[in-house]
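Data block below; observations after.
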Amino acid sequence: MTETPAGGDVRLVGISKTYPHSASTAVHPLDLTVPQGAFFALLGASGCGKTTTLRMIAGLEDPTTGAVLLGDRDVTRLPPHKRPVNTVFQSYALFPHLTIFENVAFGLRRRGVTSVKKQVAQMLDLVQLGEFAGRRPHQLSGGQQQRVAVARALINHPQVLLLDEPLGALDLKLRRRMQLELKRIQTEVGITFIHVTHDQEEAMTMADTVAVMNGGRVEQLGAPTELYETPRTGFVANFLGTSNLIAATVTGVFGGTVTVTAGGTELKVPADRCATTPSSGGRLLVGIRPEKVSLVHADDAAVAGTVPDGRNRFSGTITSASFLGVSTQYAVATPACGTLEVYVQNTGRDSRLAPGAPVVLHWDPEHAFGLDGTQPDAVEPDPVQPDPVQPDAAASTGERA
Ligand SMILES: Nc1ncnc2c1ncn2[C@@H]1O[C@H](COP(=O)(O)OP(=O)(O)OP(=O)(O)O)[C@@H](O)[C@H]1O
Ligand SMILES: [Mg+2]
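For the sequence shown, position 85 (counting from the first letter as 1) is numbered 85 according to UniProt numbering, and the numbering increases by one without interruption.
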């Protein structure tokens, strides 16, 4: 690879890809800027175009339209080895017959660098594998091999490191450890990381900015908290965690608050947390995360002051309760808007909260968000069940009176 001055954002300008003999477009024209030094995640389900996007940045795939820029330099026509970019693949692709030292030294040797010892030692220290320099890849664990792959890519001092599901082969515990490890390495070396994953938790843990892809398009881009707290589409609302989405009709907009009605119940949503400009009579999907909803037994809710004034409030019946240790997940059937999911932290358990129990759900209107109620993936409320207690609901409950 060529030496280029460090620095510069990665800019994708109208980049798209339609594979030959393919009826569908893998990546629709995409404009995207990854700031220099960012830890950027491309997140999406299988087949949404993540790898294709990464391969176009690496030069392994020719874009059908558009350009790839690094800083001010157009690299669209440069072959992969001339770009200041390295890729770490899921399979690591280490050389099995070479020692760890020689695997890491490979990029330097290929460029004709003769004294590699110091640089290799530095890299092995960075990934905390100094003592393994003399081993071969098969003598290392999956996580250690993965770190060798990172060291081997970083020794070339790329401007950008591309990582395509690099933790995919690891078990969950090791994955979590490696996420923190990669984050530490990125902070230490300060170069741009573009990390592809289908795991929302992984993207949120590691990245400063996440682009959520769906069907070859970026649906939303932002900091993890921003995507989680104010998703702009139903897809994002349910790809990152879970959201209750309630189909409602707007009844008024006053002083920054949107008032809606859903199945005869009035709800409030802050106007600045709506992805559309709501107007009276229009449709709005009101979103609320399950952990933001409080749940009380109907007997308690009847006592004045239990549910503070100004909260959005629904009556319902518990249909299932699943005990998960740290929390209990409830499904609550409401006459007004179908079934809502509620997560209650396991601080003190109320044995009355079992399937069949009448309850009141309530939440701070500031925690709700509004989505375009006419978007294709907008949900309709479930039909109200005459008997909300499912026959197998009791079996799924961990709550015992
Ligand atoms: N070489 C190819 N020829 C034709 N179609 C392809 C080719 N590579 C990928 N595709 C198609 O392009 C789309 C996007 O594929 P891509 O590999 O970018 O998805 P992905 O988001 O990386 O998925 P995964 O999470 O499964 O790796 C898919 O529909 C895929 O079938
Ligand atoms: Mg892929």
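Glycine residues also receive a C-beta, built at the ideal position from the N, C-alpha and C atoms.
Near ligand 1, which residues have their beta-carbon closer than 6 Å to a heavy atom?
Tyr19, Ser22, Ala26, Gly44, Ser46, Gly47, Cys48, Gly49, Lys50, Thr51, Thr52 and His198
Pairing CB atoms from the segment 34-53 with CB atoms from the segment 214-234, are three or more of them under 8 Å?
yes
Cα-Cα separation between Gly310 and Ala304, rounded to whole angstroms:
13 Å
Jot down the residue ranges of each uninterrupted alpha helix (DSSP H) in the segment 45-106, minimum 4 residues, whole runs only, in chain order.
50-58
Taking only heavy atoms of ligand 2 into account, decide whether any of them is closer than 7 Å to the Cβ of Glu219.
no
What does a CB cutoff of less than 8 Å around Gln179 pick up in its chain, not counting 5 residues either side in sequence?
Leu167, Glu202, Thr205 and Met206
Near ligand 2: Asp164 beta-carbon under 7 Å from a heavy atom:
yes
Please tell me whether Gln200 and Leu240 are closer than 8 Å, where the distance is taken between their beta carbons.
yes
Report the option in Asp62, Pro20, Ala45 and Tyr19 whose CA atom is closest to the CA atom of Leu12.
Asp62
At the level of alpha carbons, what is the spacing between Val342 and Leu124?
46 Å
Counting only runs of 4+ residues fully inside the segment 185-235, write out the alpha helix (DSSP H) ranges in chain order.
200-206 and 224-229
When the Cα of Val196 is compared with those of Lys292, Thr87 and Arg184, which residue comes out closest?
Thr87
Relative to the C-alpha of Val332, which candidate in Thr347, Arg313 and Asn346 has its C-alpha closest?
Arg313
For the alpha helix (DSSP H) that Val150 lies in, which residues bound it at each end?
Gly142 to Leu154
Do Val196 and ligand 2 come close, with the Cβ less than 7 Å from some heavy atom?
yes
In its own chain, which residues sit with a C-beta less than 7 Å from the C-beta of residue 405, not counting the 5 before and 5 after it?
Residue 405 falls outside the range modelled here, since the chain spans only 1 to 401, and no answer is possible.
Please determine if the segment 108-118 and the segment 126-142 are in contact, where contact requires at least 3 C-beta pairs separated by less than 8 Å.
no
8 Å Cβ cutoff met for Gly356 and Leu285
no
Where Gly8 falls: helix, strand or coil (DSSP)
coil
Considering only DSSP beta bridges, list what Gly255 is partnered with.
Per DSSP, none; premise fails for Gly255.
Under the three-state reduction of DSSP, which class applies to Val379: helix, strand or coil?
Residue placement at Val379 cannot be trusted, given a pLDDT of 46 that sits under 50; the coordinates are not used to answer.
Identify the continuous beta strand (DSSP E) that holds Asp125 and give its terminal residues.
First-last for Asp125: Lys117 to Leu126, but that is the alpha helix (DSSP H), not the beta strand (DSSP E).
DSSP on Arg135, reduced to helix/strand/coil?
coil
How is the beta strand (DSSP E) around Asp300 delimited, first residue to last?
Note, Asp300: premise wrong, no beta strand (DSSP E); alpha helix (DSSP H) at Ala298 to Ala301.
Just the Cα atoms here: how many angstroms apart are Gly37 and Arg184?
13 Å
Keeping to the same chain, check which residues put their C-beta closer than 8 Å to that of residue 404; ignore five residues upstream and five downstream.
Past the boundaries of the shown model lies residue 404; the chain is included only from 1 to 401, so the question cannot be answered.
Reduced DSSP secondary structure (H/G/I, E/B, other) of Asn312
strand
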